[in-house]
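Read the structure below first, then the notes.
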């Protein structure tokens with residue numbers, strides 16, 4: 001098989017109340033809780049998307065990252081075959097705990113479908129797919145740690161087998177105010193060569 | 206030349222049997238695992254579900270190991286994998302992958318504030334350590350398509366020559382967590398579920414574990430994996446697309462890769478959860494592809510909806526259908542209750558099956574389709 005090269009088109013990191021895009025800090029707030037930070041980031045990005053406020057924190061985190069990398073002007077009507085390959089450590093555990101608390105006590109039993117639906121990590125992929133109209137390959141994986149090796153191999157498979165034209169990869173970890181998102185677009189053309197070493201370097205940035 | 210990929214071993218642990226043979230016997234006799242349960246610790250009123258008996262599980266598990274510190278789900282998963290690992294005659298290496306598929310894993314651990322056990326990678330590591338896999342486990346957690354998506358992921362990893370063999374285990378158990386959640390959606394049936402029926406009123410939940418060995422070695426092949434697709438609806442997070450767009454495109458993607466036409470498909474094992482919207486969506490997607498005359502069943506009438514296990518469990522049974530040239534009844538079906546015609550299997554019958562399609566759909570707008578071809 002030919003060793004077709006793939007490239008990182010753009011990347012972003014969200015952590016410690018800061019957002020950076022392609023290595024440059026583009027937004028930040030003072031120390032605050034994630035709900036507040038994510039609201040300010042939403043305002044900064046001038047999104048008009050009220051559904052954002054119904055999402056759980058994991059979805060908000062992934063959604064903000066995707067918004068930074070996928071917003072395009074004047075291309076919205078074009079079919080866009082960008083696959084989503086996401087992973088994290090804590091799955092939807094932050095919302096799982098919240099939901100569990102709503103059913104633990106028989107005196108105080110209030111299971112809500114609006115919470116239950118977010119007890120699946122792949123819901124954030126659904127949110128991104130809806131916003132960017134991505135009728136494309138999507139899958140969510142869980143690893144003990146950030147796993148650039150797997151992400152590189154799996155996204156290259158999707159490109160090579162032409163299941164996708166581009167791949168939006170994301171490590172989106174959220175548990176109880178501890179969060180980190182590192183997202184990047186892998187393409188068959190561009191300048192930054194897509195490999196594990198670079199992915200390790202950019203993640204640490 | 207893209208590598209060919211086969212499934213060479215299968216197994217399943219369900220309320221109607223702890224191996225494939227007993228499951229097929231019970232399906233043939235139309236014996237369902239769904240029963241009325243009165244378990245106030247799980248749900249405040251009696252409910253229908255397909256639940257594995259604890260005593261049976263412990264008895265079978267004691268034959269494998271004396272260790273007792275494993276959770277129910279871990280026991281189910283270990284029991285599912287054990288015989289196929291014993292049968293596989295190779296030594297585990299860096300070329301042997303291990304994929305675990307689940308939606309909620311050990312979520313019941315949260316009831317006892319045992320956070321560590323609720324981590325899915327922890328569950329996967331526990332199973333990996335039991336069998337001494339050499340590679341880091343890969344967990345697929347993509348709602349109700351997880352089980353069949355794992356087959357697709359394994360196939361892709363084999364084709365990219367990351368591994369030579371991949372063991373997959375898929376499992377989910379009944380819990381207060383999922384019962385209350387599906388109930389909060391008003392998605393639960395108060396009688397055993399009736400996929401595609403005019404009388405269907407929702408899901409019956411179930412639990413199971415299934416395991417397969419996916420290999421690039423044709424020896425002992427039960428079936429060949431020839432195409433797959435896993436495409437999002439981009440429509441709604443908790444309901445399927447009205448047009449079945451993601452499922453339609455997933456099947457199209459699988460057909461294109463396999464280079465066959467939809468008219469060549471002989472049998473479809475569909476998702477068929479028996480909710481109003483899911484079954485209707487599937488009927489629309491199948492019609493859009495001209496698949497309305499292909500025999501189709503949902504196995505939810507036997508097993509309930511086993512979440513992350515369902516796609517793999519139903520694949521295991523589907524493979525047996527192909528091997529034994531048998532179409533199994535879609536249990537619970539009576540009068541068609543979807544707006545587009547589809548050919549529901551109403552009684553067990555013999556049929557030679559060359560091409561078999563497995564599909565699933567789930568929350569988050571996800572869908573997966575995998576195409577299989579009989580091996581001669």
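Chains as they are written, first to last, in the working numbering: chain Y, 1 to 205; chain Z, 206 to 581. Just so it is clear, CB atoms sit at the ideal spot from N, CA and C, and this is done for glycine as well.
| Asked | Found |
| --- | --- |
| Residue 367 of chain Z to residue 260 of chain Z, Cα distance in whole Å? | 40 Å |
| Shorter than 7 Å from the beta carbon of residue 303 of chain Z to some beta carbon of chain Y? | no |
| Is the CB of residue 103 of chain Y under 7 Å away from at least one CB in chain Z? | yes |
| In chain order, what residues of the same chain have a beta carbon less than 6 Å from the beta carbon of residue 473 of chain Z, not counting five sequence neighbours either side? | 499, 501, 562 |
| Given this structure, state the Cα-to-Cα distance separating residue 378 of chain Z from residue 392 of chain Z, to the nearest angstrom. | 18 Å |
| So does the region 409 to 421 of chain Z actually touch the region 351 to 361 of chain Z, counting three or more Cβ pairs closer than 8 Å? | yes |
| Does residue 164 of chain Y get closer than 7 Å to chain Z when you measure Cβ to Cβ? | no |
| Once DSSP output is grouped into helix, strand and coil, what is the label at residue 269 of chain Z? | coil |
| What does the alpha-carbon distance come out to for the pair residue 307 of chain Z and residue 520 of chain Z? | 15 Å |
| Do residue 122 of chain Y and residue 569 of chain Z have their C-beta atoms within less than 7 Å of each other? | yes |
| Could you tell me how far apart the beta carbons of residue 402 of chain Z and residue 542 of chain Z are, in whole angstroms, since I believe they sit closer than 8 Å? | 5 Å |
| At what residues does the beta strand (DSSP E) containing residue 500 of chain Z begin and finish? | 500 to 502 |
| How far does the beta strand (DSSP E) with residue 134 of chain Y in it extend, from its first residue to its last? | Note, residue 134 of chain Y: premise wrong, no beta strand (DSSP E); not H, not E. |
| Assess contact between the region 531 to 542 of chain Z and the region 245 to 262 of chain Z, defined as three or more Cβ pairs (one per stretch) separated by less than 8 Å. Is contact present? | no |
| If you measure beta-carbon to beta-carbon, which residues of the region 133 to 144 of chain Y are closer than 8 Å to chain Z? | 133, 134, 135, 136, 137, 138, 139, 140, 141, 142, 143, 144 |
| Suppose only complete runs of 3+ residues qualify. What are the beta strand (DSSP E) ranges in the region 148 to 193 of chain Y, listed by chain order? | 166 to 175, 178 to 187 |
| Is the Cβ of residue 407 of chain Z closer than 7 Å to any Cβ of chain Y? | no |
| Among Z:546, Z:530, Z:577, Z:549, which has the Cα closest to the Cα of residue 555 of chain Z? | Z:530 |
| For residue 577 of chain Z, which of helix, strand or coil comes out of DSSP? | strand |
| Within 10 Å of its beta-carbon, does residue 178 of chain Y have 16 or more other beta-carbons around it, so buried, or fewer, so exposed? | exposed |
| Out of Y:93, Y:20, Y:182, Y:16, which has the shortest C-alpha to C-alpha gap to residue 115 of chain Y? | Y:93 |
| Using alpha carbons as the reference points, say which of Z:477, Z:454, Z:478 lies closest to residue 467 of chain Z. | Z:454 |
| Using a Cβ cut-off of 7 Å (strictly closer), state whether residue 2 of chain Y contacts chain Z. | Because the pLDDT at residue 2 of chain Y is just 41, under 50, the model does not fix this residue reliably, and the value given afterwards should be weighed accordingly. No, residue 2 of chain Y does not count as interfacial toward chain Z. |
| For residue 408 of chain Z, collect the residues of the same chain with a Cβ closer than 8 Å to its Cβ; drop the 5 residues on either side in sequence, then sort them by chain order. | 387, 392, 393, 394, 398, 478, 479, 480, 505, 509, 510 |
| Give me the Cβ distance between residue 304 of chain Z and residue 371 of chain Z, rounded to the nearest whole Å; I'm assuming they're in contact under 8 Å. | 6 Å |
| How about residue 116 of chain Y: is its C-beta nearer than 7 Å to some C-beta of chain Z? | yes |
| Residue 18 of chain Y to residue 28 of chain Y, Cα distance in whole Å? | 4 Å |
| Note down the Cα distance separating residue 566 of chain Z from residue 578 of chain Z, rounded to an integer number of angstroms. | 22 Å |
| By how many angstroms is the C-alpha of residue 462 of chain Z removed from the C-alpha of residue 329 of chain Z? | 31 Å |
| By the three-class DSSP mapping on this structure, what secondary structure does residue 13 of chain Y have? | strand |
| Less than 6 Å separating the Cβ of residue 522 of chain Z from some heavy atom of the ligand SAH? | Absence of the ligand SAH is noted for the structure shown, with no ligands found whatsoever. |
| Which runs of the beta strand (DSSP E), 3 residues or longer, sit entirely within the region 496 to 574 of chain Z? | 500 to 502, 560 to 567 |
| Is DSSP giving residue 24 of chain Y helix, strand or coil here? | strand |
| Quick check: residue 576 of chain Z and residue 352 of chain Z, are their CB atoms within less than 7 Å of each other? | no |
| Could you pull out every residue in the same chain whose Cβ sits closer than 6 Å to the Cβ of residue 165 of chain Y, ignoring the five residues on either side in sequence? | 81 |
| Over the uninterrupted alpha helix (DSSP H) stretch that includes residue 66 of chain Y, give me the two end residues. | 57 to 70 |
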